[in-house]
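The structure appears below as structure tokens.
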Amino acid sequence: MASVPGNVLSYRDEGLVVGQEVSYRIKATAADGTASAYSAPVTGKANTYRTVRIMPLGDSNTFGGGGVEDPETKVSYRRNLGAAIQEAGFSFDFVGTLNSGSSLMVDVDHAGFPGARVGDIASLLQTGGYDDTNSYTKPVNEAGFTAGPYLSDARNNPDIILLHIGTNDASDAENVMQNLNTLLDEVDEYERANNKEVTVVVAKIIQMVCFEDGDPDTNDTWNCLKPNDAQGVLNYNVKLESLVNNRIAEGDNLELVDMQDGAGIAYWWSNVRYDGILGEMDDYRHAAQTGYDKMATVWYNALAPMLASAVVPLPVELVQFRAAAAGQGVRLDWRTASEDENDRFEVERMQEGQSYTRVGTVAGAGNSNRRLDYTFLDGGAPAGLLYYRLKQLDHDGSYTYSKVVAVRKAGAMEPTAMLYPSLTDGRENIRLSANGFAQATPLAITLLDAFGKQVHQQRVNAGAQGEINAIVQFPEPLPEGLYIVKLTSPARTQTFRLLVR
Numbered sequence: 091m092a093s094v095p096g097n098v099l100s101y102r103d104e105g106l107v108v109g110q111e112v113s114y115r116i117k118a119t120a121a122d123g124t125a126s127a128y129s130a131p132v133t134g135k136a137n138t139y140r141t142v143r144i145m146p147l148g149d150s151n152t153f154g155g156g157g158v159e160d161p162e163t164k165v166s167y168r169r170n171l172g173a174a175i176q177e178a179g180f181s182f183d184f185v186g187t188l189n190s191g192s193s194l195m196v197d198v199d200h201a202g203f204p205g206a207r208v209g210d211i212a213s214l215l216q217t218g219g220y221d222d223t224n225s226y227t228k229p230v231n232e233a234g235f236t237a238g239p240y241l242s243d244a245r246n247n248p249d250i251i252l253l254h255i256g257t258n259d260a261s262d263a264e265n266v267m268q269n270l271n272t273l274l275d276e277v278d279e280y281e282r283a284n285n286k287e288v289t290v291v292v293a294k295i296i297q298m299v300c301f302e303d304g305d306p307d308t309n310d311t312w313n314c315l316k317p318n319d320a321q322g323v324l325n326y327n328v329k330l331e332s333l334v335n336n337r338i339a340e341g342d343n344l345e346l347v348d349m350q351d352g353a354g355i356a357y358w359w360s361n362v363r364y365d366g367i368l369g370e371m372d373d374y375r376h377a378a379q380t381g382y383d384k385m386a387t388v389w390y391n392a393l394a395p396m397l398a399s400a401v402v403p404l405p406v407e408l409v410q411f412r413a414a415a416a417g418q419g420v421r422l423d424w425r426t427a428s429e430d431e432n433d434r435f436e437v438e439r440m441q442e443g444q445s446y447t448r449v450g451t452v453a454g455a456g457n458s459n460r461r462l463d464y465t466f467l468d469g470g471a472p473a474g475l476l477y478y479r480l481k482q483l484d485h486d487g488s489y490t491y492s493k494v495v496a497v498r499k500a501g502a503m504e505p506t507a508m509l510y511p512s513l514t515d516g517r518e519n520i521r522l523s524a525n526g527f528a529q530a531t532p533l534a535i536t537l538l539d540a541f542g543k544q545v546h547q548q549r550v551n552a553g554a555q556g557e558i559n560a561i562v563q564f565p566e567p568l569p570e571g572l573y574i575v576k577l578t579s580p581a582r583t584q585t586f587r588l589l590v591r
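Under our numbering, the first residue of the sequence shown is numbered 91, with each subsequent residue one higher.
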């Protein structure tokens, strides 16, 4: 397997998979080629990682930006953070009762409540909700409220909380720090009630746009829409850092990260270059995606040591999990190397653009030290791209999730589409018909000119049979030329040519 110099007293085998058990033996070889007998074999096992439940908690900067429209595209820092954790090989699960970003990422759960203030989140943790007086955000936020204390809800139970909160009330100097203390006290209360330790990674929040570009022709009022709020954020972060450090000194399990300066966000408009650098703010209080991606790096650097230390024996060693289309359904096969107090497996399925739902249960073996094979047939699987995961539950109710596997199940019809007429005078409406999608799949119809500039866009949802029959109405007659019509779903894009004469 390997040879090392005689003065080397250790060797690291880096070619193993998570949880793999291997036996080793060694022998000594002299310079003249004579060798000792082999040593007695020793056995070791690679680290096995329990799934760590991570809750992104905060406001719209956790949800994914300003507004609540098009939630399937709002990923905030969560997309790149999840990708980094997954690439590093750690087992994790984002948790929370809201979700957004389904067209761009798989694990879409979070607790980013648009418009929320520090006091709102403190109330949420204590009672499961708060009084959202904003009619714009209220329907979205109330859908994520819980019947009791928020963290104790079965969908949550976090091990780590990523807290970025304060953007909406940083200037409320009289109450905001008291509310932040109350929020962190509620986490402590959850720890006591559930007899578990939770790490809260508290962020100094991102700044608001407030700058002068030195251009006499620029209206600098526009570059600093709310100077008092912008200064309030800076003041808030100073007080937040002091509060967090004081609580750490008292033994609270907190960690401070610096999003204000440490993320390196360019705090001006994302369509403006200043000193040759393109800005990374979509509006005066929300980052553009490039800014959120920089936040992901800060979060990951804080999380990596915590995830690496979460090495604990798993009650079930799952060594294989596969999915494949089978007849009218999907067949799932998995294998365990050992089981300890394993009560059952719950099979969960997610259809593109939707959330995970339980589709079946398979009894576990309880205790076993031998290889066991399991099979489950999801006879009700719909057509389209499907994601599956296993929820393994112990007799005491604790559970872990497996990795996610994906499979595409063909339906009676694969998605097909037709645009007509494809030759028009630019005044008449055109019709786009398509089928083969999952029910209620969100779709976008986009018209681009020959230079790739968007001329028109409208959104539709697939019907009960996975079909659409949309009339594309242009706001004004189209000039002559070649146009591209795109039909986009979360899984694919179809392109058509439209010629105007």
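Ideal placement from N, C-alpha and C gives every residue a C-beta, glycine not left out. None of these values were measured; they are calculated from a predicted model.
- Residue 561: not part of any alpha helix (DSSP H); member of the beta strand (DSSP E) spanning 558 to 562, first to last residue.
- Assignment of residue 472 by DSSP, reduced to helix, strand and coil, places it in the coil class.
- A residue is called buried when at least 16 other Cβ atoms come within 10 angstroms of its Cβ; residue 532 meets this threshold and is buried.
- For residue 440, the enclosing beta strand (DSSP E) covers residues 419 to 441.
- With a cutoff of 8 Å on beta-carbon distance, residue 422 and residue 478 are scored as near each other.
- Residue burial annotation: residue 186 is buried, with at least 16 other C-beta atoms found within 10 angstroms of its C-beta.
- In the DSSP secondary-structure assignment, residue 477 is bridged to 440 and 496.
- Secondary-structure assignment with DSSP links residue 146 through a beta bridge to 252.
- For the pair residue 415 and residue 495, the CB atoms are not nearer than the 8 Å cut-off.
- Counting only residues of its own chain and dropping the five nearest sequence neighbours on each side, residue 335 has a CB closer than 8 Å to the CB of 346.
- If only complete runs of 4 or more residues are kept, the segment 182 to 269 shows the alpha helix (DSSP H) at 208 to 217 and 228 to 232, in order along the chain.
- The DSSP-derived three-state label of residue 359 is strand.
- For the pair residue 254 and residue 212, the CB atoms are not nearer than the 8 Å cut-off.
- Around the beta carbon of residue 561, a 10 Å sphere encloses fewer than 16 other beta carbons of the protein chains shown; the residue is thus reported as exposed.
- For residue 465, the closest alpha carbon among the candidates 491, 436 and 360 is that of 436.
- DSSP places residue 537 in the uninterrupted beta strand (DSSP E) bounded by 532 to 538.
- Excluding five sequence positions before and after residue 352, the CB atoms of its chain that fall closer than 6 Å to its own CB belong to 388, given in chain order.
- Per DSSP, the beta-bridge partners of residue 364 are 367.
- In this structure, the alpha-carbon of residue 165 lies about 31 Å from that of residue 451.
- Nearest C-alpha to residue 385 among 169, 124 and 128: 169.
- Between residue 468 and residue 439, the gap from beta carbon to beta carbon is short of 8 Å.
- In this structure, residue 158 and residue 227 form a Cβ contact; the two beta carbons are roughly 6 Å apart against a cut-off of 8 Å.
- Here residue 325 carries a helix assignment [DSSP, helix/strand/coil].
- Contact check for residue 544 against residue 535 fails: the beta carbons are separated by 8 Å or more.
- Exclusion of the five residues before and after residue 284 leaves 242 as the residues of its chain whose Cβ lies within less than 7 Å of its Cβ.
- Here residue 378 has 360, 370, 371 and 372 as same chain residues with Cβ atoms under 7 Å from its own Cβ, once five neighbours each way along the sequence are excluded.
- Residue pairing by DSSP places residue 485 in no beta bridge whatsoever.
- Residue pairing by DSSP places residue 508 opposite 523 in a beta bridge.
- Judged by DSSP secondary structure, residue 343 falls outside any alpha helix (DSSP H); it is assigned neither H nor E.
- It is roughly 38 Å from the alpha-carbon of residue 149 to the alpha-carbon of residue 432.
- When the five nearest sequence neighbours on each side are left out, the beta carbons in the same chain lying within less than 8 Å of the beta carbon of residue 376 are those of 150, 151, 155 and 156, in order along the chain.
- The three-state secondary structure of residue 586, taken from DSSP, is strand.
- Looking at the DSSP output, residue 463 sits in a beta bridge with 425.
- Under the three-state reduction of DSSP, residue 294 is assigned to strand.
- About 6 Å separates the CB atoms of residue 524 and residue 577; that is less than 8 Å, so the two are in contact.
- Per DSSP, residue 576 is one residue of the beta strand (DSSP E) stretching across 571 to 578.
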